[in-house]
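Working notes, structure below.
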Amino acid sequence: MKKIATISFAVCLSVAISAQTVQKISTAAGYQKQSYVNLSAGTEKQVANTAWDIAFTVYGQQDAGVFANESSGSSMGAPLPLVEIYDALTDNFNDQPDPAGLLDYPLFNKEKTWAYGAFNERRDPDNALDFGWGAYNPPTAEVIGNWVYVVKLRSGDYRKIKIESLIGGVYTFRYAHLDGTNEVVKTINKADHAGKTLAYFNLETNSVVDVEPASGGFDLLYCRYITELLDPGTMEYILYYVTGVLTGPGGKVAEADGVDPVTVAYADYQDSLHTALDVIGHDWKYFSGTAWSLDADRVFFLKTANDRVWKLQFIGFEGSTTGAAVLEKTDLGIISAVQDPAALGLGVTTYPNPVQEQLSVLLDIPATLAQNAQLQVMDLQGRIVLDQSFVLKEGFQVLQLSATSFASGMYVLKLQLPEQTVNLGKIVKL
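According to our numbering, the sequence shown is numbered sequentially starting from 233.
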């Protein structure tokens, strides 16, 4: 069985509209809440750690990620009860799993992408049709569930759960007590969560929970999560329970260490931006003797989904007593490194434009761009309203996007490659 150790610390975020500012926020005493932060609006939405148990990706047409809520507060330095996910080692929902036999098969979110969570961990990363909990069937455009999981709730009760399908943008899942009693079948329609990244669900109240900000999305998520860290005593990687910052959807972060925070330039780090969610993470401060210390020579550059760049430096921390900390933040404005297709030898034609239902994107792809990519539709505020994954192949290729899930208006079409972003132009939805 994998044991989870604990590191207790907090993060705070400040909001600068056009210049350097300082702001103090809190996740409440004992880190009891999660904080969804919108930097441009200068707002945050705090949600109790206990509000939800699992969550489903709802931001695109082909995403099928399912996450576990790893956040839990702490008491006397130890984590409070948390949601635990286990592989049930069966594809038959009628089987009765034995929790004692599953302790060596826990599943966790990797905190690397908003595309895959704990329920996707069984997937084959080399198989684009495999989502872990189920497999995509191209002829029917359906993801059909093929595995069962066990969830240990904060109350100590267990549920077995199977995501049955994702068809037409609607997730269907069922869960029950381990012996099959009290079975519940629920659906979550992506269309009911427009503009959101995840749809959140509470397995004890059998209900969808409103978690993310009502508008504008979030640039950073300050929360508790589980991650692997090197144990200096054994020199082995073990699971730790930490508090830190994760990058919001579409964001990229570069870390500048050993620098002068006043003079450090974004231009020197713009080629070091990473999409992994945990680049800011938890290790920007450390416990020294009897108090917390901060790295005075560490800065983070965050580039949000709408190409706005922020310089972030943590300058204060109050620990679990208040869950508060202080961040100095500078808004560097919109800085775009989006490539022109012609400069990359990429031919692009979109039709029809304006579009009502189905958008076709015809690409003439050079060998240098034959790789995994994401085709994204963004509104003029930089929010991703559609995000679809493709494998680009050399030559002519037609990518199909459904425009029925987003409202009328003007949007920007982008091709997100591992190392660069390509602007494919604007489209109008009628």
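In this text, a Cβ means the ideal position worked out from N, Cα and C, and glycines have one as well.
Every value quoted in this text rests on a predicted model; they were computed, and no experiment measured them.
- The way I'd put it, the stretch 437 to 453 doesn't touch the stretch 303 to 316; fewer than three beta-carbon pairs between them come closer than 8 angstroms.
- Less than 9 angstroms separates the beta-carbon of V531 from that of P493.
- Counting the other CB atoms within 10 Å of its CB gives G565 a total below 16, which places it among the exposed residues.
- Under the rule that a run must span 3 or more residues, the beta strand (DSSP E) segments found entirely inside the stretch 371 to 403 read 374 to 377, 381 to 384 and 390 to 399.
- Of the residues assessed, Y469 falls on the exposed side of the cut-off, its CB having fewer than 16 other CB atoms within 10 angstroms.
- Straight across, the Cα-Cα distance linking V380 with G480 is about 29 angstroms.
- For K256, the secondary structure class from DSSP, reduced to helix, strand or coil, is strand.
- Of the candidates G262, S592, K342 and Q606, K342 places its Cα closest to the Cα of E460.
- Y643 carries a strand assignment under DSSP once its states are collapsed to helix, strand and coil.
- Scanning its chain for C-beta atoms nearer than 7 angstroms, with the 5 sequence neighbours on each side dropped, one finds around F299 the residues I286, A287, N341, G349, A350 and L430, in chain order.
- Residue nearest to T437 within the set K422, K418, P331 and G427 is K418 (criterion: CA-CA distance).
- A direct Cα-Cα distance of roughly 4 angstroms separates L505 from A486.
- Setting aside the 5 residues that flank it on each side, I458 is surrounded in the same chain by I236, E302, F340, N341, L471, Y472, Y473 and V474, each with a C-beta closer than 8 angstroms to its C-beta; the list follows chain order.
- Minimum Cα-Cα distance from Q264 among the listed residues R391, K484, G274 and G309 corresponds to G309.
- Here the alpha carbon of V587 sits roughly 28 angstroms from the alpha carbon of L361.
- By the criterion of a C-beta distance shorter than 6 angstroms, T322 is surrounded in its chain by V380, once the five residues flanking it on both sides are discounted.
- DSSP, read as helix, strand or coil, puts G657 in strand.
- Leaving aside the five residues that flank S397 on each side, the residues in its chain whose CB is nearer than 8 angstroms to its CB run, in chain order, G366, E374, V375, I376, G377, Y403 and T404.
- The stretch 638 to 647 makes no contact with the stretch 510 to 523, as fewer than three CB pairs between them are under 8 angstroms.
- The beta-bridge partner set that DSSP reports for E460 consists of L471.
- Counted as a single uninterrupted DSSP element, the stretch harbouring A537 is not any beta strand (DSSP E), since DSSP gives it neither H nor E.
- A distance below 9 angstroms separates the beta carbons of P329 and L410.
- Straight through space, the alpha carbons of Q278 and D442 are spaced by roughly 11 angstroms.
- Of all alpha-carbon atoms in D572, T554 and I547, the one lying nearest the alpha-carbon of K561 is that of I547.
- Assignment of K561 by DSSP, reduced to helix, strand and coil, places it in the strand class.
- DSSP, read as helix, strand or coil, puts L612 in coil.
- With a cutoff of 9 angstroms on beta-carbon distance, L478 and L509 are scored as near each other.
- Comparing alpha carbon positions, the residue from T413, P573, V290 and Q252 closest to Q652 is P573.
- Straight through space, the alpha carbons of G412 and P331 are spaced by roughly 14 angstroms.
- Cα atoms of F622 and L591: separation of roughly 15 angstroms, rounded to the nearest angstrom.
- Counting along the chain, the unbroken beta strand (DSSP E) around L594 starts and ends at Q590 to I597.
- About 30 angstroms separates the beta carbon of T536 from that of E589, a gap too long to meet the 8 angstroms contact definition.
- Straight-line measurement puts the Cα of G579 at about 13 angstroms from the Cα of K625.
- Among the bridge pairs identified by DSSP, F405 is matched with I395 and K418.
- Unbroken alpha helix (DSSP H) stretches of 4 residues or longer found wholly inside the stretch 284 to 326: none.
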